[in-house]
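Numbering (the numbering used here), first residue to last: 602 to 1014.
Backbone N, C-alpha and C define an ideal beta-carbon position, used for all residues, glycine too.
Remember, predicted model here, so these are calculated numbers, not experimental data.
This report refers to the structure that appears directly beneath it.
So, in structure tokens, the structure goes:
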């Protein structure tokens, strides 16, 4: 039998069929491009160098940025904390040091981390013995108030909205040895706050929300304890390993837990999207969503080329793709370090690229466009905090003497 060969270049269609084909192509194009945004690198936007080398930052309000200022790195010397500084976009240079008395100057040099919670600044000060830390709360113009003194006290362990603190039992000490005698010992806690005690042998890291706790779970078959001779000794993990609904043992998970410890949802379950939640994520200011770099499971590269979000509703939900960008795929790179404004704009960097892609990027939630805000050349920029009105973005630019704090207009609405 002779086969018929059709020359597609000469096939003609009726006007009605041409319209149908055109509409099908249009619908398919719209479907494929719904979440994919196109972007091109651009020249550096107008940025402000605050002149401050900082290791942390948060916005107190729309006009005042709080920075942990550090001294420049010098060969053979460690960088020291110089204090908490207030920076304003109107007068950004060098900032103004906060008066944190009665905290003594030496203790202020140990300030470790800072967070801003609805007009309150929370920061951690490790004690000289490094076995305990103090969490303080302060308002600009006020005096620091001690919230809690305990082992491992960090700003992420306290919920100012929920009025509670997370404490740990069986924390790891020197050489990774779990301390049996350290069972949620609290040296001090502000009266209106409550304590929720969790086991550090399976609670890798935790973050407080007003009504929930985001908990990273990591299983190990063995743990270290002090042997009879006082030396580290490995023993089988006395905790029971968690299993999923199918009876499969869980080695790693990111859980949303109730304050009583009950598991409400597992956030790292792979559906049609795979996230980088074990490395990078950010929680929205209203605590309604958690955002993380992500990619579709059918992706050949397996590197995050977009950002997804998950509703923190207290029940199992699904990840939602917010946007994808073509640049990470083209450059064989990945999106990382996302930050989200109150208007839904997402700021991020594209890791693993070369200039001119090193800068800070923005996904505009209204226009669904991706633009490059900064172009640091051979250096690197990392977003740290977004002002409440979304007008300003604070970011760190890597330098030879430390990470410098810069500001760039975010174009808030």
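Proximal residues to residue i (C-beta, below 6 Å), its chain only, five neighbours per side dropped
i	result
residue 814	807 and 858
residue 716	659, 723 and 756
residue 817	805, 806 and 855
residue 1004	997
residue 842	820 and 850
residue 947	908, 939, 941 and 964
residue 627	Confidence at residue 627 is low in this model, with a pLDDT of 46, below 50, so the placement of that residue should be treated as unreliable; the coordinate-derived value is given next. Nothing meets the Cβ criterion.
residue 709	684 and 701
residue 972	963
residue 986	658, 659, 660 and 995
Residue(s) in a DSSP beta bridge with residue i
i	result
residue 853	819
residue 976	Residue 976 is not bridged to any residue.
residue 674	Looking at the DSSP assignment, residue 674 forms no beta bridge with any residue, so it has no partner.
residue 797	767
residue 917	None, per the DSSP bridge assignment.
residue 659	667
residue 884	891
residue 867	856
residue 751	734 and 787
residue 650	1007
residue 759	766
residue 684	670
residue 836	824
residue 876	895
Residue i vs residue j beta-carbon contact at 8 Å
i	j	result
residue 671	residue 655	yes
residue 745	residue 723	no
residue 1016	residue 945	Because residue 1016 is not part of the residues shown, which for the chain are 602 to 1014, the question remains open.
residue 950	residue 983	yes
residue 1011	residue 937	no
residue 910	residue 927	no
residue 771	residue 802	yes
residue 714	residue 657	yes
residue 874	residue 895	yes
residue 767	residue 799	yes
residue 935	residue 952	yes
residue 1102	residue 687	With the chain represented from 602 up to 1014, any question about residue 1102 goes unanswered, as that position is not in the structure.
residue 680	residue 673	yes
8 Å Cβ cutoff, residue i in contact with chain B
i	result
residue 835	Of the protein chains in this structure there is only one, and it is not chain B.
Proximal residues to residue i (C-beta, below 8 Å), its chain only, five neighbours per side dropped
i	result
residue 765	759, 794, 795, 796, 797, 809 and 860
residue 834	825, 826, 827 and 828
residue 720	661, 662 and 740
residue 1009	646, 647, 648, 649, 961, 974, 975, 993, 994 and 996
residue 811	760, 762, 763 and 888
residue 918	866, 911 and 912
residue 644	A caution first: residue 644 carries a pLDDT of 49, below 50, which makes its placement in the model too unreliable to give a value.
Neighbourhood of residue i by C-beta distance below 7 Å, restricted to the same chain and skipping five residues each side
i	result
residue 754	725, 734, 735 and 736
residue 750	733, 735, 788 and 789
residue 1007	648, 649, 650, 651, 996 and 998
residue 883	892, 939, 940 and 941
residue 693	649, 651 and 1008
Option nearest residue i by Cα separation, candidates the options
i	options	result
residue 682	692, 674 and 711	711
residue 738	704, 833, 972 and 847	704
residue 960	933, 996, 991 and 877	996
residue 1015	947, 956 and 919	The structure shown does not extend to residue 1015, since the chain is modelled only from 602 through 1014, so no value can be given for it.
residue 696	675, 674 and 668	668
residue 866	845, 929, 993 and 972	845
residue 653	706, 685, 769 and 785	685
residue 977	989, 958, 968 and 878	958
residue 786	694, 953 and 769	769
residue 773	731, 954, 969 and 934	731
residue 968	930, 987 and 923	923
residue 832	706, 778, 862 and 693	778
residue 885	677, 988 and 690	988
residue 706	729, 718 and 690	729
residue 727	742, 718 and 752	752
residue 876	899, 863 and 862	899
residue 872	862, 897 and 863	897
residue 852	879, 862 and 863	879
Original post:
Is there contact here, the region 899–910 with the region 843–858, by at least three beta-carbon pairs under 8 Å?
Top reply: Not touching, per the Cβ criterion.
Original post:
So, do the region 814–824 and the region 838–853 have three or more beta carbon pairs nearer to each other than 8 Å?
Top reply: As far as the Cβ criterion goes, the region 814–824 touches the region 838–853, which means the pair count is three or higher.
**OP:** Give a yes or no on contact between the region 878–891 and the region 910–918, applying the rule of three or more CB pairs nearer than 8 Å.
**Re:** Yes, since at least three Cβ pairs between the region 878–891 and the region 910–918 fall closer than 8 Å, the two stretches touch.
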